[in-house]
Amino acid sequence: MAVAEQIITAPLTKPRLRRAPLSLASFASYLQAIPLTLILAFFLLVPILFLLVVSFWDYDFARMYPGFITRNYAEVLGSWVTWKTYLNTLKFAVIVWAIALFIGFWVAYFLAFHVRSAAMQTVLFLICTVPFLTSNIIRMISWIPVLGRNGLINTTLVNAGIIPQPIEWLLYSDFAVVLAMVHLYTLFMVTPIFNTLMRIDKSLIEAARDAGASAWQIMWNVILPLAKPGIAIGTIFVVTLVMADFSTVQVMSGGQSASVALMMKNQMSLLQYPSAAANAIVLLVLVLLLVAAILRVVDIRKEL
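If you're matching positions, the sequence shown starts at -18 in my numbering and goes up one per residue.
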(Lines of atoms letter the chains of each structure in order from A and count residues from 1; the text may use other names and numbers.)
(Lines give C-alpha, C1' and ligand atoms only; values in the text may rest on other atoms or scores of the structure.)
Protein backbone atom coordinates (compact mmCIF):
# COMPACT_ATOMS: atom_id res chain seq x y z
CA MET A 1 0.00 0.00 0.00
CA ALA A 2 2.84 2.39 0.87
CA VAL A 3 4.55 1.63 -2.40
CA ALA A 4 1.34 2.38 -4.29
CA GLU A 5 0.94 5.71 -2.49
CA GLN A 6 4.53 6.64 -3.34
CA ILE A 7 3.89 5.85 -7.00
CA ILE A 8 0.67 7.92 -7.05
CA THR A 9 2.15 10.93 -5.25
CA ALA A 10 5.45 10.89 -7.14
CA PRO A 11 5.89 13.91 -9.45
CA LEU A 12 5.39 13.18 -13.08
CA THR A 13 8.45 13.91 -15.15
CA LYS A 14 8.42 14.22 -18.92
CA PRO A 15 10.87 11.98 -20.71
CA ARG A 16 13.62 13.74 -22.59
CA LEU A 17 13.23 13.79 -26.33
CA ARG A 18 16.45 13.08 -28.09
CA ARG A 19 16.99 14.95 -31.33
CA ALA A 20 17.37 12.56 -34.21
CA PRO A 21 20.70 12.82 -35.99
CA LEU A 22 20.74 14.48 -39.40
CA SER A 23 20.22 11.69 -41.87
CA LEU A 24 21.58 11.51 -45.37
CA ALA A 25 18.06 11.91 -46.83
CA SER A 26 17.36 15.12 -44.92
CA PHE A 27 20.78 16.48 -45.89
CA ALA A 28 19.99 15.72 -49.53
CA SER A 29 16.69 17.61 -49.24
CA TYR A 30 18.58 20.68 -48.00
CA LEU A 31 20.92 20.41 -50.96
CA GLN A 32 17.96 20.24 -53.33
CA ALA A 33 16.50 23.43 -51.81
CA ILE A 34 19.73 25.42 -52.24
CA PRO A 35 19.25 26.31 -55.97
CA LEU A 36 15.71 27.65 -55.43
CA THR A 37 16.87 29.54 -52.35
CA LEU A 38 19.68 31.18 -54.29
CA ILE A 39 17.34 32.10 -57.16
CA LEU A 40 14.78 33.66 -54.81
CA ALA A 41 17.51 35.50 -52.92
CA PHE A 42 19.03 36.90 -56.12
CA PHE A 43 15.81 37.90 -57.87
CA LEU A 44 13.69 38.85 -54.83
CA LEU A 45 15.72 39.72 -51.74
CA VAL A 46 18.62 41.49 -53.45
CA PRO A 47 16.38 43.94 -55.42
CA ILE A 48 14.41 44.72 -52.26
CA LEU A 49 17.67 45.33 -50.42
CA PHE A 50 18.79 47.71 -53.19
CA LEU A 51 15.46 49.55 -52.95
CA LEU A 52 15.89 49.90 -49.20
CA VAL A 53 19.41 51.27 -49.57
CA VAL A 54 18.51 53.73 -52.34
CA SER A 55 15.48 54.97 -50.38
CA PHE A 56 17.89 56.61 -47.90
CA TRP A 57 19.96 58.40 -50.56
CA ASP A 58 19.81 62.08 -51.43
CA TYR A 59 19.14 63.40 -54.93
CA ASP A 60 18.73 66.48 -57.06
CA PHE A 61 17.57 67.12 -60.63
CA ALA A 62 20.66 65.45 -62.13
CA ARG A 63 21.98 62.66 -59.93
CA MET A 64 21.75 60.65 -56.71
CA TYR A 65 24.08 60.99 -53.72
CA PRO A 66 24.78 57.91 -51.58
CA GLY A 67 24.17 58.55 -47.94
CA PHE A 68 21.71 58.00 -45.11
CA ILE A 69 18.89 60.54 -44.85
CA THR A 70 15.30 60.09 -43.75
CA ARG A 71 13.89 63.00 -45.76
CA ASN A 72 12.37 60.70 -48.39
CA TYR A 73 10.33 58.84 -45.78
CA ALA A 74 9.40 62.11 -44.08
CA GLU A 75 8.01 63.37 -47.39
CA VAL A 76 6.10 60.13 -47.94
CA LEU A 77 4.61 59.85 -44.45
CA GLY A 78 4.23 63.57 -43.76
CA SER A 79 2.40 64.68 -46.90
CA TRP A 80 -1.40 64.76 -46.99
CA VAL A 81 -1.28 64.35 -50.78
CA THR A 82 0.62 61.08 -50.35
CA TRP A 83 -1.81 59.83 -47.72
CA LYS A 84 -4.71 60.69 -50.01
CA THR A 85 -3.03 58.76 -52.83
CA TYR A 86 -2.60 55.71 -50.60
CA LEU A 87 -6.24 55.91 -49.52
CA ASN A 88 -7.30 56.15 -53.17
CA THR A 89 -5.23 53.06 -53.96
CA LEU A 90 -6.82 51.17 -51.07
CA LYS A 91 -10.24 52.27 -52.32
CA PHE A 92 -9.56 50.77 -55.74
CA ALA A 93 -8.24 47.58 -54.13
CA VAL A 94 -11.29 47.10 -51.90
CA ILE A 95 -13.87 47.82 -54.62
CA VAL A 96 -12.17 45.65 -57.23
CA TRP A 97 -11.67 42.86 -54.68
CA ALA A 98 -15.34 42.86 -53.67
CA ILE A 99 -16.62 42.78 -57.26
CA ALA A 100 -14.02 40.21 -58.36
CA LEU A 101 -14.88 38.01 -55.37
CA PHE A 102 -18.60 38.12 -56.14
CA ILE A 103 -18.17 37.36 -59.84
CA GLY A 104 -15.30 34.92 -59.36
CA PHE A 105 -17.03 32.85 -56.70
CA TRP A 106 -20.22 32.34 -58.68
CA VAL A 107 -18.33 31.54 -61.88
CA ALA A 108 -16.20 29.00 -60.01
CA TYR A 109 -19.29 27.61 -58.26
CA PHE A 110 -21.05 27.14 -61.59
CA LEU A 111 -18.05 25.39 -63.12
CA ALA A 112 -17.51 23.14 -60.11
CA PHE A 113 -21.07 22.09 -59.21
CA HIS A 114 -23.34 22.71 -62.21
CA VAL A 115 -21.12 21.50 -65.05
CA ARG A 116 -21.10 17.73 -64.72
CA SER A 117 -18.69 16.82 -67.49
CA ALA A 118 -14.98 17.21 -66.76
CA ALA A 119 -14.36 17.88 -70.44
CA MET A 120 -16.95 20.70 -70.48
CA GLN A 121 -15.42 22.15 -67.30
CA THR A 122 -12.04 22.25 -69.02
CA VAL A 123 -13.52 23.85 -72.16
CA LEU A 124 -15.38 26.54 -70.22
CA PHE A 125 -12.34 27.26 -68.06
CA LEU A 126 -10.17 27.61 -71.17
CA ILE A 127 -12.74 30.03 -72.63
CA CYS A 128 -12.28 32.15 -69.50
CA THR A 129 -8.51 32.14 -69.96
CA VAL A 130 -8.42 32.85 -73.72
CA PRO A 131 -8.51 36.67 -73.28
CA PHE A 132 -5.40 36.41 -71.11
CA LEU A 133 -3.41 35.34 -74.14
CA THR A 134 -3.43 39.00 -75.17
CA SER A 135 -1.68 41.90 -73.47
CA ASN A 136 -3.23 43.65 -70.46
CA ILE A 137 -2.79 46.96 -72.26
CA ILE A 138 -4.78 45.79 -75.28
CA ARG A 139 -7.61 44.41 -73.15
CA MET A 140 -7.69 47.63 -71.12
CA ILE A 141 -7.68 49.95 -74.13
CA SER A 142 -10.47 47.91 -75.75
CA TRP A 143 -12.88 49.52 -73.27
CA ILE A 144 -12.28 53.01 -74.69
CA PRO A 145 -14.40 52.49 -77.88
CA VAL A 146 -17.12 51.00 -75.67
CA LEU A 147 -17.23 53.62 -72.91
CA GLY A 148 -16.27 56.77 -74.82
CA ARG A 149 -18.51 59.77 -75.47
CA ASN A 150 -19.13 58.50 -78.99
CA GLY A 151 -18.63 54.87 -78.00
CA LEU A 152 -20.87 51.86 -78.36
CA ILE A 153 -22.86 52.31 -75.14
CA ASN A 154 -23.51 56.04 -75.49
CA THR A 155 -24.36 55.77 -79.19
CA THR A 156 -26.81 52.94 -78.55
CA LEU A 157 -28.54 54.71 -75.65
CA VAL A 158 -28.81 58.04 -77.49
CA ASN A 159 -30.11 56.46 -80.70
CA ALA A 160 -32.66 54.46 -78.69
CA GLY A 161 -33.89 57.67 -77.03
CA ILE A 162 -33.10 56.39 -73.54
CA ILE A 163 -30.79 59.32 -72.72
CA PRO A 164 -30.77 62.80 -74.32
CA GLN A 165 -26.97 63.15 -74.38
CA PRO A 166 -23.92 60.94 -73.86
CA ILE A 167 -22.95 59.92 -70.33
CA GLU A 168 -19.68 61.61 -69.45
CA TRP A 169 -18.55 59.49 -66.47
CA LEU A 170 -18.37 56.18 -68.32
CA LEU A 171 -14.83 56.91 -69.45
CA TYR A 172 -11.95 58.80 -67.80
CA SER A 173 -13.33 58.28 -64.32
CA ASP A 174 -12.97 56.01 -61.30
CA PHE A 175 -15.80 53.90 -62.72
CA ALA A 176 -13.73 53.17 -65.83
CA VAL A 177 -10.68 52.32 -63.71
CA VAL A 178 -12.65 49.86 -61.55
CA LEU A 179 -14.36 48.29 -64.58
CA ALA A 180 -11.06 47.73 -66.40
CA MET A 181 -9.39 46.29 -63.28
CA VAL A 182 -12.28 43.90 -62.67
CA HIS A 183 -11.98 42.75 -66.27
CA LEU A 184 -8.22 42.29 -65.93
CA TYR A 185 -8.03 40.55 -62.56
CA THR A 186 -11.24 38.57 -61.97
CA LEU A 187 -9.70 35.38 -63.38
CA PHE A 188 -7.10 35.52 -60.62
CA MET A 189 -10.02 35.07 -58.23
CA VAL A 190 -11.81 32.42 -60.30
CA THR A 191 -8.87 30.03 -60.61
CA PRO A 192 -7.97 29.43 -56.91
CA ILE A 193 -11.63 29.29 -55.84
CA PHE A 194 -12.41 26.81 -58.62
CA ASN A 195 -9.46 24.61 -57.57
CA THR A 196 -10.65 24.69 -53.96
CA LEU A 197 -14.27 23.90 -54.81
CA MET A 198 -13.20 20.95 -56.94
CA ARG A 199 -11.52 19.45 -53.85
CA ILE A 200 -14.78 19.46 -51.84
CA ASP A 201 -16.19 15.99 -51.29
CA LYS A 202 -19.62 15.94 -52.91
CA SER A 203 -20.85 13.50 -50.24
CA LEU A 204 -20.71 16.35 -47.70
CA ILE A 205 -23.23 18.31 -49.74
CA GLU A 206 -25.43 15.25 -50.14
CA ALA A 207 -25.28 14.61 -46.39
CA ALA A 208 -26.28 18.21 -45.64
CA ARG A 209 -29.14 17.97 -48.13
CA ASP A 210 -30.34 14.68 -46.59
CA ALA A 211 -30.24 16.33 -43.16
CA GLY A 212 -32.77 18.90 -44.39
CA ALA A 213 -30.46 21.85 -45.05
CA SER A 214 -31.63 24.37 -47.62
CA ALA A 215 -29.51 25.48 -50.56
CA TRP A 216 -28.43 28.67 -48.76
CA GLN A 217 -27.62 26.75 -45.57
CA ILE A 218 -25.42 24.38 -47.57
CA MET A 219 -23.75 27.37 -49.21
CA TRP A 220 -23.13 29.22 -45.93
CA ASN A 221 -22.25 26.30 -43.63
CA VAL A 222 -20.52 23.85 -46.00
CA ILE A 223 -19.25 25.37 -49.23
CA LEU A 224 -18.07 28.81 -48.05
CA PRO A 225 -16.01 27.51 -45.08
CA LEU A 226 -14.32 24.94 -47.32
CA ALA A 227 -13.69 27.57 -50.02
CA LYS A 228 -11.80 29.90 -47.65
CA PRO A 229 -8.31 28.90 -48.85
CA GLY A 230 -9.20 29.66 -52.47
CA ILE A 231 -10.80 32.96 -51.49
CA ALA A 232 -7.70 33.91 -49.48
CA ILE A 233 -5.33 33.08 -52.35
CA GLY A 234 -7.50 34.97 -54.86
CA THR A 235 -7.66 37.93 -52.49
CA ILE A 236 -3.86 38.07 -52.25
CA PHE A 237 -3.56 37.95 -56.04
CA VAL A 238 -6.18 40.62 -56.73
CA VAL A 239 -5.16 43.06 -53.98
CA THR A 240 -1.45 42.95 -54.81
CA LEU A 241 -2.08 43.32 -58.55
CA VAL A 242 -4.45 46.26 -58.10
CA MET A 243 -2.12 48.11 -55.74
CA ALA A 244 0.80 47.68 -58.16
CA ASP A 245 -1.14 48.74 -61.29
CA PHE A 246 -0.38 52.18 -62.70
CA SER A 247 -1.17 51.89 -66.41
CA THR A 248 -4.88 51.19 -65.88
CA VAL A 249 -5.26 54.16 -63.54
CA GLN A 250 -3.38 56.45 -65.91
CA VAL A 251 -5.22 55.47 -69.09
CA MET A 252 -8.75 54.80 -67.87
CA SER A 253 -8.93 57.85 -65.59
CA GLY A 254 -7.43 60.19 -68.17
CA GLY A 255 -5.00 61.48 -65.55
CA GLN A 256 -7.86 62.52 -63.23
CA SER A 257 -7.14 59.88 -60.59
CA ALA A 258 -3.99 58.72 -58.83
CA SER A 259 -2.47 55.65 -57.26
CA VAL A 260 0.76 54.90 -55.44
CA ALA A 261 2.18 52.96 -58.38
CA LEU A 262 1.38 55.84 -60.75
CA MET A 263 2.99 58.29 -58.33
CA MET A 264 6.16 56.16 -58.29
CA LYS A 265 6.15 56.01 -62.09
CA ASN A 266 5.96 59.80 -62.28
CA GLN A 267 8.76 60.15 -59.74
CA MET A 268 11.00 57.83 -61.77
CA SER A 269 10.26 59.79 -64.93
CA LEU A 270 11.53 62.89 -63.06
CA LEU A 271 14.67 60.98 -61.94
CA GLN A 272 13.53 61.07 -58.31
CA TYR A 273 14.63 57.49 -57.71
CA PRO A 274 15.24 57.68 -53.92
CA SER A 275 11.78 59.14 -53.33
CA ALA A 276 10.23 56.46 -55.56
CA ALA A 277 12.19 53.80 -53.68
CA ALA A 278 10.85 55.09 -50.36
CA ASN A 279 7.30 54.90 -51.71
CA ALA A 280 8.00 51.38 -52.95
CA ILE A 281 9.19 50.27 -49.52
CA VAL A 282 6.16 51.79 -47.79
CA LEU A 283 3.83 50.15 -50.34
CA LEU A 284 5.62 46.82 -49.90
CA VAL A 285 5.20 47.00 -46.12
CA LEU A 286 1.51 47.84 -46.54
CA VAL A 287 0.94 44.92 -48.93
CA LEU A 288 2.82 42.53 -46.62
CA LEU A 289 0.66 43.66 -43.69
CA LEU A 290 -2.49 43.00 -45.72
CA VAL A 291 -1.21 39.57 -46.74
CA ALA A 292 -0.28 38.79 -43.12
CA ALA A 293 -3.79 39.80 -42.01
CA ILE A 294 -5.32 37.50 -44.63
CA LEU A 295 -3.08 34.60 -43.59
CA ARG A 296 -3.97 35.32 -39.96
CA VAL A 297 -7.64 34.77 -40.76
CA VAL A 298 -7.11 31.78 -43.06
CA ASP A 299 -4.22 29.37 -42.56
CA ILE A 300 -3.75 28.34 -46.19
CA ARG A 301 -1.11 25.68 -45.47
CA LYS A 302 -3.33 24.03 -42.84
CA GLU A 303 -6.56 24.00 -44.83
CA LEU A 304 -5.26 23.01 -48.25
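Even glycine gets a Cβ: it sits at the ideal position worked out from N, Cα and C.
{"Asked": "Nearest-angstrom Cα separation, counted from ALA242 out to ASP226", "Found": "6 Å"}
{"Asked": "CB contact flag (PHE31, GLY48, <9 Å)", "Found": "no"}
{"Asked": "Rounded straight-line distance, which links the Cα of ILE212 to that of ARG277", "Found": "14 Å"}
{"Asked": "ALA100 to ALA273 span [Cα, whole Å]", "Found": "37 Å"}
{"Asked": "PHE218 beta carbon less than 9 Å from that of MET170", "Found": "yes"}
{"Asked": "TYR67 in three-state terms, based on DSSP", "Found": "helix"}
{"Asked": "Closest by C-alpha distance to VAL286, when choosing among VAL266, ASN260, LEU128 and VAL279", "Found": "Outside the shown range of the chain (-18 to 285) lies residue 286, about which nothing can therefore be said."}
{"Asked": "Between the CA atoms of LEU68 and LEU267 - distance to the nearest angstrom", "Found": "12 Å"}
{"Asked": "Inter-residue CB distance, LEU133 and VAL127 (contact presumed, cutoff 8 Å)", "Found": "5 Å"}
{"Asked": "Identity of the residue in ASP182, ASP39, PHE156 and LYS209 nearest GLN253 by Cα", "Found": "ASP39"}
{"Asked": "Rounded distance between the beta-carbons of SER234 and TYR153, thought under 8 Å", "Found": "6 Å"}
{"Asked": "Which residues DSSP lists as bridging MET45, in chain order", "Found": "TYR40"}
{"Asked": "GLN198 and ALA188 closer than 9 Å at C-beta", "Found": "no"}
{"Asked": "Nonlocal neighbours in the same chain, by C-beta distance under 7 Å from SER256, ignoring five residues either side", "Found": "ASN53, GLU56 and GLN248"}
{"Asked": "Beta-carbon proximity check, PHE113 vs LEU168, cutoff 9 Å", "Found": "yes"}
{"Asked": "Other residues of its chain near ILE148: CB distance less than 8 Å, five sequence neighbours each side excluded", "Found": "ILE134, ASN135 and LEU138"}
{"Asked": "Own chain residues within Cβ distance below 6 Å of VAL88, not counting five before or after", "Found": "VAL171"}
{"Asked": "Extent of the continuous alpha helix (DSSP H) run through LEU265", "Found": "254 to 278"}
{"Asked": "Member of VAL230, PRO173 and LEU251 whose CA lies at the smallest distance from the CA of PHE86", "Found": "PRO173"}
{"Asked": "Whole runs of the alpha helix (DSSP H) within the segment 73 to 136, excluding any shorter than 4 residues", "Found": "99 to 110, 117 to 122 and 125 to 128"}
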